[in-house]
Each structure stands twice: as structure tokens, then as C-alpha cells.
Amino acid sequence: EPEVTQTPSHQVTQMGQEVILRCVPISNHLYFYWYRQILGQKVEFLVSFYNNEISEKSEIFDDQFSVERPDGSNFTLKIRSTKLEDSAMYFCASARTSGRLNTGELFFGEGSRLTVL
Amino acid sequence: GQNIDQPTEMTATEGAIVQINCTYQTSGFNGLFWYQQHAGEAPTFLSYNVLDGLEEKGRFSSFLSRSKGYSYLLLKELQMKDSASYLCAVRGNYGQNFVFGPGTRLSVLP
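Line order of the protein sequences matches chains A and B.
Those letters in the first sequence? Residues 483 to 599, per this note's numbering, in order.
Those letters in the second sequence? Residues 3 to 112, per this note's numbering, in order.
Dropping the structure here:
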């Protein structure tokens, strides 16, 4: 069964360092997302991406964050200068386009746990 | 604004039935989704409603009333492995943001 894959599974970094989290969405999906979940809290939307551009972003997704789809398969989230409060699990998700037989549900990757020291 | 409410925690007994409620107020609506999340894992899709009524899928059913901004997830014949958080999520416009509720942590006791 196709799945969303994320790397790394866990990254520890120093405050102020740049971090890149990588995702390979399901190959025939067209909508891509990044969510984060701080330990014990709810899943929070960061950004959605469609047709090679950001379609929506939240207040969390400030100038320190950026996303790219550098090739036909990868989808990356970059945090330029990490802060302590960026420590969270970051989930990549993808969804197919609309269709009568398709609900368009999100398929999540296993997540990348980021720890900022 | 976007607001989704769920009870924080629920407890039920193995073999029983439990209903997890979700109320929402969102700026757009194009479907309500239920996800299951075990501790330390990714959310996995359970069910989807876009029209009013009940959708049944094995031991899981989900109900939607759009006029009331209300949904519930019904879990029957509870098993220990059903102990998890259950997340209600609303999709505003197709392909756009899914807003998640805070999740309901369900504990199934023997």
C-alpha cells in the first residue's frame, strides 16, 4: 500500500540552527501539507501546497518557515533559525484530487520529531 | 474563526459502545473527518461525512448534522486496541486546510 514517508524520524538541533525536514508524498497525490503537534497538544496546520505553490498557511508559518517541492517526489519543510518552541512532531500529509469515489482524506507520514535545545 | 470542540477524555469497558461527540464552527465546510491516533504515532483515517446522516464502516460509525455543526463517532464492541485519541477534523474548502479538534483520549478498560 502506498504511504507517505518522512525523514529524519528524529532530529536534535541547537537553537538558531537551520533544519530541513523531508517528505515523499504518495505518488499520485496532488495536495501536500505540513502539520505539527507539540507533545500532548492538538494537531496544528502549518501550510498546504498545490500546483507548486503555497495555497494556504497558518499564523504559525511565519518567515522562519519555508516549503519546497524541489523535484517530482520530495516535499520539504525548512525552519531557518529554530527556537525552543519549535520542538514538536512534524507531520507531512498528502491527499488526492477530487473524485466521486475519493473522499480526499489526508494520508499522514510517521512524523519527524524535532527537539530544539 | 475556526473552532472545534471535543471532550478531552473518555473511559469505556471492553465490549461496550462509546460515542465521541464533536461540535464545530468553521468558516467553510467541505467534509468532516475522524482520525485515530495512538500515542507517538501518526493519525490514521477512520471515516468521512459530507452529507447529513450516518456512515457505517464495520465497528465504527460516524454521524453528521451540518445545520447543528455536530458530529459523533460511534465505536461498537470496544477492544483494548481502541485505546487511542480520536481526532475530529473539518475541511474548509476542497484541498485546503483541514482544521483538527483537540482530540478525545479514549481509554478502554478490561
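Even glycine gets a Cβ: it sits at the ideal position worked out from N, Cα and C.
Cβ of residue i less than 8 angstroms from any chain B Cβ?
| i | result |
| --- | --- |
| Ser530 (chain A) | yes |
| Glu592 (chain A) | yes |
| Phe527 (chain A) | yes |
| Leu596 (chain A) | no |
| Arg582 (chain A) | Its pLDDT being 43, under 50, Arg582 (chain A) is placed unreliably in this model, and the value from its coordinates should be taken loosely. No - not a single Cβ of chain B is within 8 angstroms of the one on Arg582 (chain A). |
| Lys560 (chain A) | no |
| Glu541 (chain A) | no |
| Glu538 (chain A) | yes |
| Lys565 (chain A) | no |
Starting from residue i, trace the beta strand (DSSP E) in both directions and tell me its first and last residue.
| i | result |
| --- | --- |
| Gly55 (chain B) | 55 to 59 |
| Met12 (chain B) | 11 to 15 |
| Arg39 (chain B) | The question names Arg, but residue 39 (chain B) is Gln in the sequence shown. Residues 34 to 39. |
| Phe65 (chain B) | 62 to 67 |
| Leu111 (chain B) | 106 to 111 |
| Glu535 (chain A) | 535 to 539 |
So, are the CB atoms of residue i and residue j less than 8 angstroms apart?
| i | j | result |
| --- | --- | --- |
| Ala44 (chain B) | Gly593 (chain A) | yes |
| Leu34 (chain B) | Leu66 (chain B) | yes |
| Gln493 (chain A) | Leu596 (chain A) | yes |
Output, in chain order, the set of chain B residues within a Cβ distance shorter than 7 angstroms of residue i.
| i | result |
| --- | --- |
| Phe573 (chain A) | Ala44 |
Using a Cβ cut-off of 8 angstroms (strictly closer), state whether residue i contacts chain A.
| i | result |
| --- | --- |
| Leu89 (chain B) | yes |
| Asn99 (chain B) | yes |
| Gly105 (chain B) | yes |
| Phe65 (chain B) | no |
| Phe62 (chain B) | no |
| Tyr50 (chain B) | yes |
I want to verify the contact list: residues of chain A whose CB lies under 9 angstroms from the CB of residue i, in sequence order.
| i | result |
| --- | --- |
| Gly33 (chain B) | Thr585, Gly586, Glu587 |
Establish whether the CB of residue i and some CB of chain C are separated by less than 8 angstroms.
| i | result |
| --- | --- |
| Gly498 (chain A) | Included in the structure are the protein chains A and B, with no chain C among them. |
Does the structure place the stretch 10 to 21 of chain B close enough to the stretch 101 to 109 of chain B that three or more beta carbon pairs sit under 8 angstroms? yes
Under 8 angstroms: do the stretch 483 to 499 of chain A and the stretch 540 to 554 of chain A share three or more Cβ pairs, one atom per stretch? no
Three or more C-beta pairs closer than 8 angstroms, one from the stretch 16 to 36 of chain B and one from the stretch 564 to 581 of chain A: is that the case here? no
Quick one: any contact between the stretch 49 to 67 of chain B and the stretch 551 to 570 of chain A, if contact means 3 or more CB pairs under 8 angstroms? no
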